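Below is one structure; the comments refer to it alone.
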Amino acid sequence: MSDRGTRTFRQIDAEPYSFPFDGHWSSADTALLLLGFQQGTISALSATPAFATALDLLSVALDCGLFVAVSRRVARRDGDDVVPAEGFGGLDFPPQLILPDTALVVDHSGDNAFYRTPLETELKARGIRNLLIAGLPTDGLVHATQRTANDMGFECLAVADACQGTSETRHAAQLRITTFGNGLFGTVASAAAVKAALIKI
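For the sequence shown, the UniProt record's numbering assigns the number 1 to the initial residue and increments by one for each residue that follows.
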């Protein structure tokens, strides 16, 4: 792309194919999607290492001009969701998660950040077609959101070590499912591989 200030990147070394599939991505058409990094979830999953990796990736992504979208799981007003009501500390973002004014924050219930939220509309309005996905848990919010994004036409990459499951076995199994059928639901890479492509190591 030729827009002033747009940065292009080389493909990411990922499984089962290099991301993105067509080999073309830039700061203008790619977003970092952070899912469910809330204090209660991080604590419950002992996910501090995954959160730290996501923070590092966020810093690099912002330096490279990527758009950032963040999901926050909240309770439904009808009370059907088991998540505590908004205002409880467990729902808050950790103080280390410092977002730019340009970041999009969407509130949702359940395990899908697209369901009954403006996320798809906002991403497509900005010309986003590629998503780098990090979040908690892998075997819930991350996988459900990635599958939906794939169905909506987004090219998706799950950042393996910036995600964590409800168990290591479930985390690994969910990432393996993501790669079924030569990447039926997208592709998977490490944060190091993503950063290497972004900063051209």
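All residues carry an ideal CB built from backbone N, CA and C; glycine is no exception.
Here the structure is a predicted model, which is why all the values come from computation and not from measurement.
Annotation for residue 177: no beta strand (DSSP E) segment contains it, though the alpha helix (DSSP H) segment containing it runs 168-178. When the beta-carbon positions are compared, residue 30 and residue 66 come within less than 8 Å of each other. Annotation: the UniProt domain "Isochorismatase-like" (30-189) contains the following complete segments of the beta strand (DSSP E) (minimum length 3 residues), in chain order: 30-35, 67-73, 104-108, 130-135, 155-163, 187-189. Contact check for residue 96 and residue 55: beta-carbon distance about 6 Å, within the 8 Å limit, so the pair qualifies. Measuring C-alpha to C-alpha distances from residue 156 to each of 172, 119, 183, 137 identifies 183 as the nearest. The shortest CA-to-CA distance from residue 167 to any of 37, 47, 115 is the one to 47. Taking the Cβ atoms as the reference, residue 108 lies roughly 5 Å from residue 117, within the contact range of under 8 Å. For residue 139, the number of other beta carbons within 10 angstroms of its own is at least 16, and it is reported as buried.
Where residue 28 is concerned, there is no enclosing alpha helix (DSSP H), because DSSP gives it neither an H nor an E. Here residue 90 is exposed, its C-beta having fewer than 16 other C-beta atoms within 10 Å. The beta carbon of residue 100 sits closer than 8 Å to those of 62, 68, all from its chain and outside the five residues before and after it, given in chain order. For the pair residue 175 and residue 45, the CB atoms are not nearer than the 8 Å cut-off.
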